[in-house]
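Chains as they are written, first to last, in this note's numbering: chain D, -4 to 207; chain B, -4 to 207.
Where is the CB? At the ideal position from N, CA and C, for every residue including glycine.
Bear in mind the structure is a predicted one, so any value in this text is a computation, not a measurement.
To start, the structure itself, in structure tokens.
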DNA sequence: GTCTATACGATGATAGAC
DNA sequence: GTCTATCATCGTATAGAC
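Here it is in structure tokens:
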């Protein structure tokens, strides 16, 4: 097996186990065993457990953030062309929809976003900062766009409400099978996820647009 | 020292360290050392690390839930007397305000609620269920009250939006010093907490009241 | 360069002496 | 009730095989 194979198998195994058991509880022994690699392979290829998490996060989050950033830019460009202000719901949809669509992808990354949901509120500052550094540019971009959409609100208030939005969203993505309970289904269903996504978008849009 | 003293000192030390480092990362050795007790004392008095967390949660959460439950009942009683429907904002305020007021109390429990913020989304089902079992009655009570306040919405949709509310709130209580950054203050300030609390109440009230 | 085997200190937990 | 001794397991580091 080549180096690339081992690295990818380690990333896949780590992603799955971090998602199921959490960062602290998932042991390097369990991860390397699942990846059919030696215990020391994780340290050799990534440098440590923390660096392995960082690689797991970057692999999925960088493309996802690019996708969300592009969609926000599209909304802004369309508003500029039309000579109007961008709509809050369109901006929020650009931010939230790709995140949940990730879960329905067939490329084996369905478990990933529960990791970032927990990294966001981790008690470990190293884990938290790992995530925050990766989303900070996107967060700033969205904040700036929302300031254009909501000129009657102060940037500070929009920042606060964006923080609440991150919380509501983070809670939803912590549990891969959560969306189905909203419909009382026993088995997971792509429609449950879409139902939850649309309701979340409506909820936070109303919260962001609330009068001051 | 009496048994009671040791138990309380263990609870205090566990509360502080669980809050600062998280449940998994806070070691029993650090907790018992901080409590000036033997390593085995935690196992003797509580039965294990998980049971210690359970005791930490119950000590603060049962009185807090009683307080929140009473305030919800007061809102419902006042509405009945006035012959009107209860207001969403009043119900949400009854639920959220005591939670954040907890943080400003001087009895050394200021660190506590960050524990429940993380227990809510813990990857460990045992930890999560510990918290869920403690708040389930209160959650049902609030859901039922909101169904009275929002008769135009289905109970299922209200449940979904209450889930988002828990997420936004849980995110806020994960970080003891988070509220101050909204005002750009360098030092923590009770007014920052009140500012954040009021903005959170306005945000989730607007989200809950959003048209279907 | 890649990978394996192995050792080290620290952890949660428990049994049994006192 | 309290404490010591002990065990399996954790993340990490390193020496050496291929």
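Environment of residue 167/B [buried if 16+ CB atoms lie within 10 Å]: Residue 167/B comes out buried.
Burial state of residue 118/D (16 or more Cβ within 10 Å): Buried is the call here.
Boundaries of the alpha helix (DSSP H) in which residue 143/B is found, first to last residue: 120 to 144
Stretch-stretch touch, CB-based, cutoff 8 Å, three pairs: the segment 73 to 83 of chain B with the segment 20 to 30 of chain B: no
Alpha-carbon spacing of residue 177/D relative to residue 200/D, whole angstroms: 20 Å
Whole-angstrom distance between residue 157/B and residue 197/D, CA atom to CA atom: 13 Å
Short CB-CB distance (under 8 Å) between residue 152/B and chain D: With 8 Å as the cut-off, residue 152/B counts as an interface residue toward chain D.
Under the three-state DSSP convention, the category residue 17/D falls into: coil
Other residues of its chain near residue 26/B: CB distance less than 6 Å, five sequence neighbours each side excluded: 8, 9 and 12
Neighbourhood of residue 5/D by C-beta, 8 Å cutoff - its chain only, sequence neighbours within 5 removed: 26, 27, 30, 32, 36, 37, 40, 41 and 47
C-alpha distance - residue 186/D paired with residue 51/B, whole-angstrom precision: 39 Å
Residue 184/D burial status per 10 Å Cβ neighbour count (16 or more: buried): exposed
Chain B contact residues for residue 195/D, given Cβ-Cβ distances below 7 Å: 159
Short Cβ contact (8 Å threshold) for residue 108/B with residue 89/B: Cβ distance not < 8 Å, so residue 108/B and residue 89/B don't count as in contact.
Nonlocal neighbours in the same chain, by C-beta distance under 7 Å from residue 165/B, ignoring five residues either side: Excluding residues within five positions, the ones whose Cβ falls inside 7 Å are 112, 115 and 116.
Collapsed DSSP secondary structure at residue 80/D in the structure displayed: coil
CB of residue 144/B within 8 Å of CB of residue 195/B, strictly: no
CB of residue 83/B within 8 Å of CB of residue 141/B, strictly: yes
Test: residue 199/D CB closer than 8 Å to a CB of chain B: Chain B contact via Cβ: present.
Cutoff 8 Å: residue 119/B Cβ touching any chain D Cβ: yes
Contact set between residue 77/D and chain B, taken where Cβ atoms lie within less than 9 Å: Here the premise fails: no neighbours, minimum Cβ distance about 25 Å.
Chain-ordered neighbours of residue 16/B on chain D, where CB pairs are closer than 8 Å: 118 and 119
Closest by C-alpha distance to residue 55/B, when choosing among 134/B, 174/B and 126/B: When 134/B, 174/B and 126/B are compared, the shortest CA-CA separation from residue 55/B is found for 126/B.
is_contact[residue 107/D, chain B] using C-beta, thresh 8 Å: Under the Cβ criterion of 8 Å, residue 107/D is not counted among the residues facing chain B.
Chain-ordered chain D contacts of residue 138/B [CB-CB under 7 Å]: Going along chain D, no residue has its Cβ under 7 Å from residue 138/B, so there is no contact; the nearest lies around 13 Å.
Contact under 8 Å by Cβ, residue 133/B with residue 60/B: yes
Straight-line gap, residue 147/D to residue 153/B (C-alpha atoms, nearest Å): 29 Å
Where residue 167/B meets chain D, residues with beta-carbon distance less than 8 Å: 158, 159 and 162
Cβ of residue 149/D within 8 Å of any chain B Cβ: no
Residue 188/D and residue 99/D closer than 8 Å at C-beta: yes
DSSP three-state assignment for residue 169/B, whether helix, strand or coil: Three-state DSSP puts residue 169/B in coil, outside helix and strand.
Identity of the residue in 49/D, 159/D, 96/D and 139/D nearest residue 173/B by Cα: 159/D
Cα-Cα separation between residue 73/B and residue 191/D, rounded to whole angstroms: In a straight line, the C-alpha of residue 73/B is about 34 Å away from that of residue 191/D.
Through-space distance from residue 207/D to residue 137/B, alpha-carbon basis: 26 Å
Chain-ordered neighbours of residue 36/D on chain B, where CB pairs are closer than 8 Å: Per Cβ cutoff of 8 Å: no residues; residue 36/D is ~24 Å from chain B at best.
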